[in-house]
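A.B. asks:
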Amino acid sequence: MGNNSNNTQQHPLLACDQDPQKLCIGFDWLTEAYSASKALIGTTHNIPYILVKNGGSIPYNNNNGTSGNLRLMQDMGQLWLRSEVTKLDSQIRHNLSSAMCLPPFLVPDTEVLASSPHLVKQLVYTKKFIIVIPNVVIQELDELKRTSGRVRDTIRWLEVQLRSGNRFLRTQRTTERKEIPFIKYPKKKDKEA
165 MGNNSNNTQQ HPLLACDQDP QKLCIGFDWL TEAYSASKAL IGTTHNIPYI LVKNGGSIPY
225 NNNNGTSGNL RLMQDMGQLW LRSEVTKLDS QIRHNLSSAM CLPPFLVPDT EVLASSPHLV
285 KQLVYTKKFI IVIPNVVIQE LDELKRTSGR VRDTIRWLEV QLRSGNRFLR TQRTTERKEI
345 PFIKYPKKKD KEA
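Numbering (this note's numbering), first residue to last: 165 to 357.
(1) Kindly indicate the opening and closing residues of the alpha helix (DSSP H) around I302.
(2) Could you tell me if I295 is buried or exposed, where buried requires 16 or more neighbouring beta carbons within 10 angstroms of its beta carbon?
(3) Could you check which residue in N233, D317, Q242, K353 has the C-alpha nearest to that of S279?
(4) From R310 to T250, what distance separates their C-alpha atoms?
(5) Is V296 helix, strand or coil by DSSP?
(6) Does the Cβ of L277 have 16 or more other Cβ atoms within 10 Å, making it buried, or fewer, making it exposed?
(7) Taking the alpha-carbon of P268 as reference, which of E275, R331, P281 has the nearest alpha-carbon?
(8) Can you give the beta carbon distance from L333 to V288, rounded, assuming they're within the 8 Å contact cut?
(9) Buried or exposed: which applies to L326, given that a residue is buried once 16 or more other Cβ atoms fall within 10 Å of its Cβ?
(10) Pick helix, strand or coil for T311, following the three-state DSSP scheme.
(11) What does a CB cutoff of less than 7 Å around K291 pick up in its chain, not counting 5 residues either side in sequence?
Encoded structure:
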């Protein structure tokens with residue numbers, strides 16, 4: 165770690181003899197640190213200071229010429245760490261909030277109930293969702309029960325759950341329906357033109 169070696173480059177923040185204000189220029193993370201902690205590092209009449217959230221300032225002691233710069237660098241590092249922690253904290257909160265926005269109602273189709281009824285059972289037993297079985301799915305399961313034993317078992321399980329009044333599993337009500345808009349396809353003449 166010889167200081168006489170001219171080949172080794174020193175990081176600008178470690179060069180204590182430079183003006184602290186010049187050290188701040190060009191560092192993107194300093195801007196992030198300022199926005200995260202609402203503090204700004206600067207100099208007035210060559211006396212380094214930090215502007216803090218409430219508008220006050222914290223002066224640095226400059227007893228031996230370098231202690232103020234070292235403290236300035238330490239505080240800049242702390243501001244950067246604070247900004248990183250704040251950024252990670254907000255990312256975690258965002259991820260948790262997006263994970264918590266799951267829909268309360270799940271509507272399985274016939275294929276799920278016929279091929280993977282265990283998945284529907286797991287969702288019912290978690291007691292986090294209300295599973296709504298559409299009338300069309302019940303009709304299709306009724307037709308499929310003639311050819312598949314698994315579908316017959318699924319229908320039996322559904323009947324037991326519905327009779328017992330499981331509040332996390334129910335059938336579609338007559339008022340719960342969504343009209344499918346009529347799609348008008350273009351005529352052959354219009355396609356060729």
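Glycine included, C-beta positions come from ideal geometry on N, C-alpha and C. Just so we're clear, the structure is a prediction, and the values are computed from it rather than from any experiment.
C.D. replies: Taking the coordinates as given:
(1) Position 138 of the sequence shown holds residue 302. I302 -> alpha helix (DSSP H) spans 299 to 308.
(2) Here residue 295 refers to the residue found at position 131 when the sequence shown is read from its first residue. Counting the other CB atoms within 10 Å of its CB gives I295 a total of 16 or more, which places it among the buried residues.
(3) Along the sequence shown, one-based indexing puts residue 279 at 115. The shortest C-alpha separation from S279 is found at D317.
(4) By 1-based counting over the sequence shown, the position of residue 310 is 146. By 1-based counting over the sequence shown, the position of residue 250 is 86. Near 60 Å, if we compare the C-alpha coordinates of T250 and R310.
(5) One-based indexing of the sequence shown puts residue 296 at position 132. Strand at V296.
(6) Counting from 1 along the sequence shown, the entry for residue 277 is found at position 113. So L277 ends up on the buried side.
(7) Within the sequence shown, the letter at position 104 stands for residue 268. Selected option, being the one with the closest Cα: R331.
(8) Taking the sequence shown and counting its residues from 1, one reaches residue 333 at position 169. Taking the sequence shown and counting its residues from 1, one reaches residue 288 at position 124. The Cβ separation is near 5 Å, so the contact holds.
(9) Mapped onto the sequence shown, residue 326 falls at position 162. Taking every protein chain shown into account, the CB of L326 has fewer than 16 other CB atoms within 10 angstroms, so this residue is exposed.
(10) The count along the sequence shown starts at 1 and reaches residue 311 at position 147. Correct three-state label for T311: coil.
(11) Against the sequence shown, residue 291 aligns to sequence position 127. The answer, listed in chain order, is F332.
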